[in-house]
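These notes are about the structure you will find just below.
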Amino acid sequence: MTLAQAFFEALESLNGNKLRSGLTVLGIVIGVAAVIAMLAVGRGAEESITGSISGIGTNLLFVFRGGQDQSIRNTRPLTLADAEAIADPFAAPSVEAVAPILQANREISYGGERTTVEVNGVTPAYFPVRNYELTEGEFINEEHLLGRASVVLIGPEAADTLFGRHEGITGETIRIDGQPFRILGVLASKGGGAFGSEDNRVIIPFSTAQARLIRRSTRDQVDVLLVQAVSGDAVLMATEEISQILRQRHRTPVGADDFTVFTQQDLLATFQSITGILTIFLGGIAGISLLVGGIGIMNIMLVSVTERTREIGLRKALGARRRDILIQFLTESSLLSLIGGIIGILFGWLISFAVGQIAVASGTAFTPVVGLDAVTLATLFSAAVGLFFGIYPANRAASLEPVEALRYE
Amino acid sequence: MSNVIEALDIRKVYQMGEVQVEALRGVSFTIQRGEVVAIMGPSGSGKSTLMNTLGCLDRPTSGEYVLDGETVASLNDDQLADIRNRKVGFVFQSFNLLSRQTAITNVELPLRYSSNLNGRRERAMDALKAVGLEDRMTHRPYELSGGQQQRVAIARAIVNNPAIIMADEPTGNLDSKVGKEIMNLLLNLNRESGTTLIIITHDPVVAEQTQRVIRLRDGLLDGAP
Chain P
3 MTLAQAFFEA
13 LESLNGNKLR
23 SGLTVLGIVI
33 GVAAVIAMLA
43 VGRGAEESIT
53 GSISGIGTNL
63 LFVFRGGQDQ
73 SIRNTRPLTL
83 ADAEAIADPF
93 AAPSVEAVAP
103 ILQANREISY
113 GGERTTVEVN
123 GVTPAYFPVR
133 NYELTEGEFI
143 NEEHLLGRAS
153 VVLIGPEAAD
163 TLFGRHEGIT
173 GETIRIDGQP
183 FRILGVLASK
193 GGGAFGSEDN
203 RVIIPFSTAQ
213 ARLIRRSTRD
223 QVDVLLVQAV
233 SGDAVLMATE
243 EISQILRQRH
253 RTPVGADDFT
263 VFTQQDLLAT
273 FQSITGILTI
283 FLGGIAGISL
293 LVGGIGIMNI
303 MLVSVTERTR
313 EIGLRKALGA
323 RRRDILIQFL
333 TESSLLSLIG
343 GIIGILFGWL
353 ISFAVGQIAV
363 ASGTAFTPVV
373 GLDAVTLATL
383 FSAAVGLFFG
393 IYPANRAASL
403 EPVEALRYE
Chain S
718 MSNVIEALDI
728 RKVYQMGEVQ
738 VEALRGVSFT
748 IQRGEVVAIM
758 GPSGSGKSTL
768 MNTLGCLDRP
778 TSGEYVLDGE
788 TVASLNDDQL
798 ADIRNRKVGF
808 VFQSFNLLSR
818 QTAITNVELP
828 LRYSSNLNGR
838 RERAMDALKA
848 VGLEDRMTHR
858 PYELSGGQQQ
868 RVAIARAIVN
878 NPAIIMADEP
888 TGNLDSKVGK
898 EIMNLLLNLN
908 RESGTTLIII
918 THDPVVAEQT
928 QRVIRLRDGL
938 LDGAP
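Line by line, the protein sequences are chains P and S. For the first sequence, our numbering begins at 3 and goes up steadily by one. For the second sequence, our numbering begins at 718 and goes up steadily by one.
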């Protein structure tokens, strides 16, 4: 008896008992769908969290003045020269771009409205590094930088406070600490990030900030160096390269760095392990329902074996070996679970889709992701369930004595 | 003429709870190739046990049994299944057809378990032609009369060219007219192909049509000491 024959016979036999087969399959469908949906939700949560971190950029590093150890004294400030040194592709091949930042809180006003926001003095390199987008207007460019232009990019939240809207305000003039700045454009919303709202801020050219708004004691001083590594994997290398360069330039003794390089990777790793546990937990609970479905298969196969005792006896009388009967019943149980698995995958995908839609409707940007690995896992697992729970009934069928089976009423 | 069946001192003991039941108590006989033999006896005489043993459905507790040149008594379950598949065609009182399958699929069933898979459909068709059901191939059992169902069963028995056909009360569930047709069919098949025919029956009319009657009583051949 070939496997193809066994397959078609099993299909016929299951077809002969549609309601019963259907209900048994339903058990597996629910199990597999639950597994798929839960894994998808877990994966979606993970991607949503890592996505919000990636919004800041997983390949980003922040370099601050001051060591991790408070006892380190006489720290040198970071300067534009440091930034240039780090940007040197030969000294730091893992570094893609460097964006020096000056930051301070300043009062901005328009008409009678006033509010205090974070003011950032940046170079044009800043925008691609931070993945900023504009809803209108244009970015700060080299000319603005060279001319110390009084232009400003305004965050949507700050714009709302001043104007009551964040559209159609390009070209208006606001005051920062009393000095007039022309609005060059409006930043696209980034939402709340790990460091407070990114939308309640204004951005001006670095040179303008340096000259007129945020004065620092040292020449060309920089508050933060935002460094973009060439890739997420290169962050560690980049950290090392930056540290080497700064140690050299600042002439710091070994183990007494007067600067700190902070990366997003540790944060990301923590979140990933949390969502990983969440996914396993949810998948485990769903797995229990798959197990229950498997017991349903075993149950129905046992009934089927009893019902078909005479048929088994006849088949044996006609020359079916133990193995033939075993394969026949195993094929049936595997087919039940496989069909259940396939429908379950579709169903689980549908549930994930629905969850995603509900999330969108309730304002949470969250998309469950049905991964290929989840599908493979569910398929293999459901087939394994069918085999495992089919073995006992099939074995029982195969062990029947032909004489007794034929006599069975 | 050679012997297709050689049975020597066959004994079969069943353990029924605490009690041992001797169903066969030393039965010896031979059946020649092409012979038509009836096995008769009252119920409880060991008739069914003898049929199960001759049909290789069961092993004797002791004794020698050679079927078509092969010693059966010492074979394992799978080897017995193989012997049944190649050498024995069964015809049952209650037909034992697979109710959801068509006539042709039912006839094909022994070939599915055979090592020789070539021309399965054609051989099944030939067998159905031999029993006169070439126009009922795709009918299912419930669409056929009792006599037609038994013909399908006979086609299934002969499809693999067995050495013997074991018919267990083949006319038991049929009225006398149809029963007679079935008997004639079996006897014709025996005449045409020379397949040995063994009929287990308690119907004297059936037994009359055979060449020889083996009578059993209390697990022994009738007339034996």
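The beta-carbon is built from N, C-alpha and C at its ideal position, and this holds for glycine as well.
So if DSSP puts residue i in a beta bridge, which residue, or which two residues, is it bridged to?
i: P/Thr262; result: P/Phe66
i: P/Gly123; result: P/Leu104 and P/Ile206
i: S/Phe807; result: S/Met883
i: S/Gln796; result: Partner(s): none; S/Gln796 has no beta bridge.
i: P/Ala231; result: P/Val97
i: P/Ser111; result: P/Arg116 and P/Arg177
Is the beta carbon of residue j closer than 8 Å to that of residue i?
i: S/Asp799; j: P/Gly285; result: no
i: P/Val100; j: P/Ala127; result: yes
i: S/Thr778; j: S/Arg728; result: yes
i: S/Phe809; j: S/Leu938; result: no
i: P/Ile110; j: P/Leu189; result: no
i: S/Glu825; j: S/Arg817; result: no
i: P/Gln105; j: P/Glu86; result: no
i: P/Ser384; j: P/Ser339; result: yes
i: P/Glu140; j: P/Gly187; result: yes
i: P/Lys318; j: P/Ile327; result: yes
i: P/Ala161; j: P/Pro207; result: no
i: P/Ile299; j: P/Gly388; result: yes
i: S/Asn890; j: S/Gly863; result: yes
i: P/Val37; j: P/Gly350; result: yes
i: S/Arg857; j: S/Thr912; result: no
Could you tell me the boundaries of the alpha helix (DSSP H) in which residue i lies?
i: P/Tyr394; result: Leu374 to Ala400
i: P/Asp222; result: Premise fails: P/Asp222 is in no alpha helix (DSSP H) and is neither H nor E.
i: S/Asn905; result: Ser893 to Ser910
i: S/Val869; result: Gly863 to Ile875
i: S/Arg728; result: Counting along the chain, S/Arg728 falls outside any alpha helix (DSSP H), though it belongs to the beta strand (DSSP E) covering Asn720 to Met733.
i: P/Ile341; result: Arg324 to Ala363
i: S/Ala740; result: Note, S/Ala740: premise wrong, no alpha helix (DSSP H); beta strand (DSSP E) at Val736 to Gln749.
Residues of chain P with a CB under 7 Å from the CB of residue i: which are they?
i: S/Ala798; result: Lys318, Gly321, Ala322 and Arg323
Shorter than 8 Å from the beta carbon of residue i to some beta carbon of chain P?
i: S/Pro827; result: yes
i: S/Asp785; result: no
i: S/Arg801; result: yes
i: S/Val730; result: no
i: S/Asp843; result: no
i: S/Phe746; result: no
i: S/Asp662; result: Summary: the structure shown does not reach residue 662 of chain S, with chain S confined to residues 718 through 942, and so no result is reported for it.
i: S/Asp794; result: yes
i: S/Gln737; result: no
Quick one: list the residues of chain S neighbouring residue i, beta-carbon separation under 7 Å, in chain order.
i: P/Glu313; result: Leu815
Would you mind telling me which residues of chain S sit closer than 8 Å to residue i, beta carbon to beta carbon, in chain order?
i: P/Val405; result: Asn769, Leu774 and Asp775
i: P/Gln330; result: The premise fails here: P/Gln330 is roughly 10 Å from chain S at the closest Cβ pair, so nothing lies under 8 Å.
i: P/Gly18; result: Arg817
List the residues of chain P that residue i touches, going by C-beta distances under 8 Å, in chain order.
i: S/Ser831; result: Gly321
Can you give me the start and stop residues for the beta strand (DSSP E) that residue i sits inside?
i: P/Leu189; result: Gln181 to Leu189
i: S/Met757; result: Val753 to Met757
i: S/Asn823; result: Careful: S/Asn823 lies outside any beta strand (DSSP E), inside the alpha helix (DSSP H) at Ala820 to Arg829.
i: S/Ser765; result: Taken as a continuous stretch (DSSP letters only), S/Ser765 belongs to no beta strand (DSSP E), being part of the alpha helix (DSSP H) at Lys764 to Leu771.
i: S/Ile915; result: Thr913 to Ile917
i: S/Arg934; result: Arg929 to Arg934
i: S/Tyr782; result: Ser779 to Leu784
i: S/Val922; result: Where S/Val922 is concerned, there is no enclosing beta strand (DSSP E), although the alpha helix (DSSP H) it sits in stretches over Pro921 to Glu925.
i: P/Glu144; result: Here P/Glu144 belongs to no beta strand (DSSP E); instead the alpha helix (DSSP H) covers Glu144 to Leu148.
Is there at least one non-hydrogen atom of the ligand MG closer than 7 Å to the beta-carbon of residue i?
i: P/Asn202; result: As for the ligand MG, it is missing from this structure, which has no ligand bound.
Determine, for residue i, whether the minimum Cβ-Cβ distance to residues of chain S falls below 8 Å.
i: P/Glu411; result: no
i: P/Glu309; result: no
i: P/Asp326; result: yes
i: P/Val305; result: no
i: P/Gln7; result: yes
Against residue i, what residues of chain S qualify as contacts under a CB-to-CB distance less than 9 Å, listed in chain order?
i: P/Glu334; result: Result: empty, since nearest Cβ-Cβ is about 14 Å, beyond 9 Å.
i: P/Glu48; result: Correct list: empty, because the minimum Cβ distance to chain S is about 49 Å.
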